[in-house]
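Below is one structure, written out as structure tokens; comments come after it.
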Amino acid sequence: MKVGITGTPGTGKSAVCEIIQKYYPVIDLNRLIEEKKFYTEKDRERNTLVTDTDALAKYVLNYSKHWDVQQTTIFEGHLAHYLPLDMVIVLRASPSELRRRLSKKGFGEAKIKENIEAEALDVILVEALERHENVHEIDTSEKDVNEVVNCIVEIINGSDKYHPGSIDWNGELFG
Ligand SMILES: Nc1ncnc2c1ncn2[C@@H]1O[C@H](COP(=O)(O)OP(=O)(O)O)[C@@H](O)[C@H]1O
Ligand SMILES: [Mg+2]
Numbered sequence: 004m005k006v007g008i009t010g011t012p013g014t015g016k017s018a019v020c021e022i023i024q025k026y027y028p029v030i031d032l033n034r035l036i037e038e039k040k041f042y043t044e045k046d047r048e049r050n051t052l053v054t055d056t057d058a059l060a061k062y063v064l065n066y067s068k069h070w071d072v073q074q075t076t077i078f079e080g081h082l083a084h085y086l087p088l089d090m091v092i093v094l095r096a097s098p099s100e101l102r103r104r105l106s107k108k109g110f111g112e113a114k115i116k117e118n119i120e121a122e123a124l125d126v127i128l129v130e131a132l133e134r135h136e137n138v139h140e141i142d143t144s145e146k147d148v149n150e151v152v153n154c155i156v157e158i159i160n161g162s163d164k165y166h167p168g169s170i171d172w173n174g175e176l177f178g
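Residue numbers for the sequence shown follow this note's numbering, so the first one is 4 and each next one is one higher.
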């Protein structure tokens, strides 16, 4: 089974996968994009790569033909939900917690605002639901990294406690 872990920057994808790689193989999509040059150009202003998601998806599809299909493999990155996967898990964090985490990571104010807005508007969740049937979301705001790992293992083992729809930051934003 191929499982994507996606979410707005700062929701904890990398921190969680650092631990979860003890249990499942993890493919770091950002590294794969860089290594295999799955980008069409470098966006100098934003200091990011413009990913060729079609090429990335094609690679994942072909690559997976060689895998033991019994084995659960995790694909980590904010573009994971663009890939042909069996399950997508969206990590979420409240705007205030996201601000804390991104400041700690050294993000500038404009970048922090952009990401908080995307998170408040459920951008990645909506994109994931447009593309996949099997979508779950975890509110990481008040969980430590190990607790989030446990939730992911529960979902992979068949829990349906994390169906989308219950997470809503409007209370914090407008309450
Ligand atoms: N569940 C969590 N609780 C508290 N802090 C977290 C949690 N997950 C991640 N962090 C911290 O938040 C920051 C951003 O996490 P990171 O894993 O880099 O996010 P992402 O890969 O989604 O951009 C890091 O400093 C990380 O240690
Ligand atoms: Mg990361």
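For each residue, glycine too, the CB sits at the ideal point set by N, CA and C.
Computed from a predicted structure; not experimentally measured.
From the listed residues Lys164, Gly168, Val151 and Ser67, the smallest Cα separation to Lys5 is found for Ser67. When DSSP reads this structure, Arg95 sits in a beta bridge with Asp142.
Applying a distance threshold of 6 Å between residue Cβ atoms and the heavy atoms of ligand 1 selects Gly10, Pro12, Gly13, Thr14, Gly15, Lys16, Ser17, Ala18, Arg104, Lys107, Lys108, Thr143, Lys146, Asp147, Val148 and Val151, given in chain order.
The distance from the Cβ of Asp163 to that of Arg95 is about 17 Å, inconsistent with a contact at the 8 Å cut-off.
By the Cβ rule, the segment 143-154 counts as touching the segment 18-28, because three or more pairs are nearer than 8 Å. In the structure shown, Tyr165 falls within a coil segment according to DSSP collapsed to helix, strand and coil.
Approximately 17 Å separates the beta-carbon atoms of Ile127 and Ile77; this is outside 8 Å, ruling out the contact. If one requires a minimum length of 3 residues, the beta strand (DSSP E) runs lying completely within the segment 8-45 are 29-31, in chain order.
Per DSSP, Thr75 lies in no beta strand (DSSP E) segment and is marked neither H nor E.
Assignment of Lys107 by DSSP, reduced to helix, strand and coil, places it in the helix class.
For Val129, the number of other beta carbons within 10 angstroms of its own is below 16, and it is reported as exposed. Below 8 Å, too few C-beta pairs join the segment 52-66 and the segment 109-120 to call them touching: fewer than three.
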